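Asks: For the record, in the sequence shown the residue sitting at position 30 is 30 according to this note's numbering, with numbers rising by one throughout.
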Amino acid sequence: MDRYTINGIVPGSFAHLEKNAQEHQWELLKAADSVLYRQFEIARAAGTAVFQMTLNDVVLKCKYSIADGCLRYDVTRPDNGTAEFYRFRVDLDDIDDSILSDDITETRLVSLWLVAGHRF
1 MDRYTINGIV PGSFAHLEKN AQEHQWELLK AADSVLYRQF EIARAAGTAV
51 FQMTLNDVVL KCKYSIADGC LRYDVTRPDN GTAEFYRFRV DLDDIDDSIL
101 SDDITETRLV SLWLVAGHRF
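1. Is it buried or exposed, A43, if we count other Cβ atoms within 10 angstroms and call 16 or more buried?
2. In the DSSP assignment, the beta strand (DSSP E) including E84 goes from what residue to what residue?
3. To the nearest angstrom, report how far apart L112 and D93 are at their CA atoms.
4. Count the other CB atoms, across all protein chains shown, that sit within 10 Å of the CB of I104; report buried if there are 16 or more and exposed otherwise.
5. Might you give, ordered along the chain, the residues of its own chain that have their beta carbon closer than 7 Å to the beta carbon of M1, omitting 5 neighbours on each side?
6. Would Q25 and Y64 qualify as a contact pair, given that the criterion is a beta-carbon distance under 9 Å?
7. Just the C-alpha distance for L29 and D68, rounded to the nearest angstrom, thanks.
8. For the beta strand (DSSP E) containing I66, list its first residue and its last residue.
9. Go through its chain and collect everything with a Cβ distance to F120's Cβ below 8 Å, but skip five positions before and after it.
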């Protein structure tokens with residue numbers, strides 16, 4: 001299982017931060033999206049992808065799975081047993097990059113909300 005660690009993400013708005021700190025936040029969010037895109041491609045090829053992502057020192061067990069032509073992202077926080085999921089809107093047979101980008105953003109938000117202890 002692949003494991004990734006990204007620490008220092010500010011959940012929510014970071015508009016109040018100095019410019020350099022804002023740029024750093026964007027880099028951290030891009031890193032999280034990069035992980036999610038990579039695992040998406042693995043799931044597309046293999047039908048599933050299971051990985052661990054640690055965000056701000058919170059371990060998340062993550063899984064992409066494909067059923068009936070739809071991609072689903074499941075994320076569980078083992079330390080407190082909470083879980084969330086997101087069903088992708090992108091058509092796996094005809095991928096629209098803008099819809100895929102929105103879907104990846106949603107999976108990141110689902111993950112960060114779980115880290116923060118909120119329900120999506």
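Beta carbons are placed, not taken as given, at the ideal position from N, Cα and C, and that holds for glycine.
Nothing here was measured: the structure is a model prediction, and the numbers come from that model.
Replies: Quick look at the numbers:
1. It is buried - the Cβ of A43 has at least 16 other Cβ atoms within 10 Å.
2. In the DSSP assignment, E84 falls within the beta strand (DSSP E) that extends over T82 to R87.
3. Using only the alpha carbons, I get a separation of about 29 Å.
4. It counts as buried.
5. Answer for M1: V50, F51 and Q52, listed in chain order.
6. 9 Å or more divides the Cβ of Q25 from the Cβ of Y64.
7. Per the coordinates, the alpha-carbon of L29 lies some 30 Å from the alpha-carbon of D68.
8. Unbroken beta strand (DSSP E) run through I66: V58 to A67.
9. Low confidence applies to F120: its pLDDT is 48, below 50, so where it sits in the model is not reliable, and the reading given next is rough at best. Only E84, Y86, L109, V110, W113 and L114 meet the Cβ criterion.
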